[in-house]
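Before any comments, here is the structure.
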Amino acid sequence: MFKRILLLMVLVLLPVLLYPPNVQAQDPNPADLVFANLVGAGFDVVQVGYARDAQGNTLTDTVFVEMETITSDFNDRYIVGQVVGGVQALAKYFPHALNLLVVLKYDRWLFYFGTTAQDWDDVVARRTSGKDWWQKVLGGVRFYDTVQQKYITAKDFTSQNQTTKNQTNKDFSGQGDSPLPPVNTNPDAQAENILLEPSTTYLPADGTSQGYLLATLTDREFAGLPGRGVNFTYEVRGQDEKNLGVAQTNKFGTASSKITSSRALDLVLLRASTASLNASTQIVVGPAPGADPKAQAKAVIEGLASQGYRNADAVYEEYTGPTGATLRIGVAGVSVTSTSFDRQVYSQLSRLLGTLRTVMPKATLLNPILFYAASDGHDYRLFFLLRADIWDAYVRGDISENQLWANLSYNGAEDENGVFSNGKNFLKKNFTGAKQTRYSSAQRQVASTLTTEEWGEQLTVGSFLVPVGGFADTFSIGELSGSATGFTIYETPDYKTVVFAFNSGDEAALKNLRLDAGQYIVVVQGAGAPAKVNLQYVEHLGR
């Protein structure tokens, strides 16, 4: 059964992993549609349009999109995703173009990735393998030095550049306003809550595998408290409690303590405490499964079962994607513990993700599944996805828990009959058995502009994401300037659906607006450039 579920997940996830969602905006201008598509996918788009020749003449058969990139390693998954996504968007919205060009800007250089519409159509129709197509594209890459203002050879580029692959410097959310949690820097603020999460429920006793205790201190409003001391201890059954030391909470209010073991200890009790608060949890420190996928799956199941989770299952698989890249996928599922998307559910997802990452270290994609018995009589499997490097950044403290959940994608649900539903409102409709009243809240803002550029009017849409299990409300206008008369909010997956349209005088309706988890874009409305809207709102995340 779990193998079949995994196969379904792979079929569902491949488009998510390799191609951005098909996005359309209200304006029929194809350049705007490409722009909205790629911004919605989390990429930093510079411009979209028709290419020009050396004399400045427009090439009506050649379209391009220029994006900022974060690495010069052409084998990096981020680059592959940008090129594939760019080509797909150009082909979709410029169906009569013969040549498709993706330009990636990195530091002083521009990388030109070109293909023909016919070659891309051959890939889509599977007349050509994605791997062969990608090798052909790589063979034709051109390099342009914006300082010397000339094309250079690949050899010259290599000699002038040192490749940087640190992707943690990029805003993982893909949004202009990174979703940081609220914090309280008042040193006299009282710590009211402590949340302890282990980075794994199963720690291989090989002396090298690492687990982390993550303790977050918050005030009454669940704002993080930076710079506070937290004491960590552990206790093996039949032995005295041992100290792991004191750690300070970071800028998000989270303190961490690393744990390793070279001996299998079975269940280990872990504690975090302050002068007035304490919390505890347990994990399994067991035999190292090594590289054997079946042993790894067994260890993951044992760890999850130790948390009291029912129907735990796991599997590790590898697949070859359309570009020839190997997809290494760790999958684990348990029965959901709550009928509202509250801290219990977040905790389950966190422990599923962390256990997969620790026990299946080769997995680059982490796929937690929640088994959910709905009130309609159906048994559903809810599919989620997170890149392993994002989990690593969270455990290191590079990103906050809010940013972690902003990057966790919900990829639909399947019932016991194999009927699949990818509607984003499934969670909203079904997780209503208990009213969630404990939330942390943070101010956010998003902007959309219409400007005049050399090629004409340029629409820049604002993209924002409400994390899984959260919602946004208290919307207000921070700025409505130029010829702007209002704005429109669209939602995924196709960005055709108008969620909310604002015109002057609609302030009361705007005040009552509430958006549930999902990806949205804001498009300014006006008679012409210049026009700008800055929209402010409050994001809430269940605690």
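Note that the numbering used here has the sequence shown beginning at 498, numbered continuously upward. Glycine is no exception: its CB is placed at the ideal position from the N, C-alpha and C atoms. Since we're looking at a predicted model, the values are computed, not measured.
Proximity of residue i and residue j at Cβ, strictly below 8 Å
i	j	result
Gly750	Thr778	no
Val831	Leu801	yes
Trp902	Arg854	no
Ser918	Gly909	yes
Val560	Ala533	no
Thr852	Val797	yes
Gln552	Met564	no
Ala1014	Gly979	no
Glu1036	Ala969	yes
Tyr590	Pro527	yes
Leu947	Ala1028	yes
Phe729	Ala769	yes
Thr612	Val584	yes
Thr566	Leu607	no
Buried versus exposed, by CB contacts within 10 Å (16 or more), residue i
i	result
Leu635	exposed
Glu694	buried
Val1021	buried
Val545	buried
Leu1038	buried
Asp716	buried
Arg574	buried
Gln736	exposed
Thr555	exposed
Gln804	buried
Ala1024	exposed
Nearest neighbour of residue i, chosen from the options [CA to CA]
i	options	result
Ala1026	Ser960, Val996, Thr555, Leu956	Leu956
Leu692	Asn526, Ala792, Ser753, Ser706	Ser753
Arg760	Leu767, Gly783, Ala744, Ala776	Gly783
Gln940	Thr948, Asn899, Tyr907	Asn899
Leu767	Leu700, Lys795, Ala792	Leu700
Asn740	Asn747, Thr746, Tyr731	Tyr731
Gln942	Thr861, Ile576, Val581, Val1019	Val1019
Thr697	Arg848, Tyr816, Gly915	Arg848
Asn690	Ala720, Gln707, Tyr709	Ala720
Leu905	Gln1016, Ser960, Val996	Gln1016
Thr771	Asp810, Gly742, Ala998, Lys791	Gly742
Tyr877	Leu883, Ser960, Tyr869	Tyr869
Boundaries (first-last residue) of the alpha helix (DSSP H) holding residue i
i	result
Pro790	790-802
Leu598	No alpha helix (DSSP H) holds Leu598; the beta strand (DSSP E) holding it covers 596-603.
Ile576	574-590
Ile887	885-893
Gly636	627-636
Ala614	614-621
Asn904	898-904
Pairwise C-alpha distance: residue j and residue i
i	j	result
Val562	Asn596	12 Å
Gly671	Arg734	For Gly671, the predicted model reports a pLDDT of 29, less than 50, meaning its position is unreliable and no value from the coordinates is stated.
Phe838	Tyr891	21 Å
Leu863	Val856	12 Å
Arg1047	Gln632	Limits of the chain in this structure are 498 at one end and 1040 at the other, which puts residue 1047 out of reach.
Lys662	Ser569	Since pLDDT at Lys662 reaches only 30, below the 50 mark, its modelled position is unreliable, and the value read off the structure follows with that caveat. Going from the Cα of Lys662 to the Cα of Ser569 covers about 8 Å.
Phe881	Phe540	21 Å
Val958	Thr949	15 Å
Asn1031	Ala944	4 Å
Ile471	Leu764	Absent from the structure is residue 471, since the part of the chain shown begins at 498 and ends at 1040.
Ile974	Ser758	54 Å
Thr994	Arg825	35 Å
Ser675	Val828	Confidence at Ser675 is low in this model, with a pLDDT of 37, below 50, so the placement of that residue is unreliable and no value is reported for it.
Asp873	Arg807	21 Å
Ala871	Thr650	59 Å
Gly762	Tyr641	The sequence given here places Leu at residue 762; Gly does not occur at that position. Taking the straight line from one Cα to the other gives about 58 Å.
Gln1033	Ser1001	16 Å
Leu846	Asp619	39 Å
Val520	Thr746	Only weak support is given to the placement of Val520: the predicted model assigns it a pLDDT of 33, under 50, and the question is left unresolved by the model.
Gly726	Val680	16 Å
Val638	Lys628	16 Å
Arg1011	Arg840	21 Å
Val621	Gly983	39 Å
Thr823	Glu815	7 Å
Extent of the continuous beta strand (DSSP E) run through residue i
i	result
Thr1045	Any question about residue 1045 goes unanswered here, given that the chain covers just 498 to 1040.
Arg717	That residue, Arg717, is in no beta strand (DSSP E); it is neither H nor E in DSSP.
Asp1003	That residue, Asp1003, is in no beta strand (DSSP E); it is neither H nor E in DSSP.
Asn740	739-745
Gln544	541-549
Val958	First-last for Val958: undefined, no H or E at that position.
Asn914	Run containing Asn914: none; DSSP gives neither H nor E here.
Thr705	Taken as a continuous stretch (DSSP letters only), Thr705 belongs to no beta strand (DSSP E), as it is neither H nor E.
The ligand NAD heavy atom lying under 7 Å from the CB of residue i
i	result
Ala586	As far as ligands go, the structure on display features none, and thus does not contain the ligand NAD.
Beta carbon proximity, residue i to chain B, threshold 8 Å
i	result
Thr834	The question asks about chain B, but that chain is absent: this structure has only one protein chain.
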